[in-house]
Structure formats: C-alpha cells, structure tokens
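One structure is given below, encoded as structure tokens.
In our numbering, the protein residues as written are 2 to 94.
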C-alpha cells in the first residue's frame, strides 16, 4: 500500500483548489465587466435624456450649443477599426 506523503496530499489538494480559484476569478471578472457595462449604459441614457431635453426646448441652435451637443456625443462614442480583419466596431462609454 502506498504511503501518503505530504507532497502527495499537497498536490492532490492543490490542483482542484487552483481550478476553483481560476473559475472564481473568471466569474468575478465577468461580474465586473457586467457592472461596468451597466454603468456605461446608465451614463449613455443620461446623455440621451439631456440631449432630448435640449433638443425639445431649443428652437434656435447657436454654434456654441451645436458644438456642446456634438462634444457630448463624441465623448460617449469610440470607433475602433481593426485593419487586420477590416472590421469596424462602435463602442460607447
């Protein structure tokens, strides 16, 4: 019968615990990404509400107001082009 050495016991416990640790870390990162996405969506919705309110209340758009609205939109949108795949992705912050 084989004797159980501390090294054998250690390795038998370490492997499943390492896997569990990696799985939990992945789950935590996924949750962080989800929360970040919700925060970005909320920010985007607030910007749309502000723009909608400005648009509905304003009849004469000054150049300064047009720039302000455009800056609000451009600060929220990121366009990423991958020259390798030739895909362009539109992201919002």
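All C-beta atoms in this analysis are idealised placements derived from N, C-alpha and C, irrespective of residue type, glycine included. Model, not experiment: these values are computed from the prediction.
Exercise. For residue 74, collect the residues of the same chain with a Cβ closer than 8 Å to its Cβ; drop the 5 residues on either side in sequence, then sort them by chain order.
Key: In the chain shown, counting from the first residue as 1, residue 74 sits at position 73. For residue 74, where only same-chain residues beyond five positions count, the Cβ hits under 8 Å are 48, 52.
Quiz prompt | Identity of the residue in 20, 26, 54, 27 nearest residue 70 by Cα | solution = Stepping through the chain shown from its first residue, residue 70 is reached at position 69. Residue 70 has its Cα closest to that of 54, out of 20, 26, 54, 27.
Quiz item: When the distance is taken between beta carbons, is residue 91 closer than 8 Å to residue 78?
Solution: Numbered from its first residue, the chain shown carries residue 78 at position 77. Numbered from its first residue, the chain shown carries residue 91 at position 90. In this structure, residue 91 lies closer than 8 Å to residue 78 by Cβ.
Quiz item: Say the cut is 7 Å; is the CB of residue 23 nearer than that to a heavy atom of the ligand COA?
Solution: In the structure on display, the ligand COA does not appear, and there are no ligands present to speak of.
Quiz item: Quick one: Cα of residue 44 to Cα of residue 35, how far?
Solution: If you number the chain shown from 1, residue 44 lands on position 43. If you number the chain shown from 1, residue 35 lands on position 34. Roughly 14 Å between the two C-alpha positions.
Quiz item: Looking at the structure shown, is residue 59 part of a helix, part of a strand, or coil, going by DSSP?
Solution: Within the chain shown, the letter at position 58 stands for residue 59. Coil.
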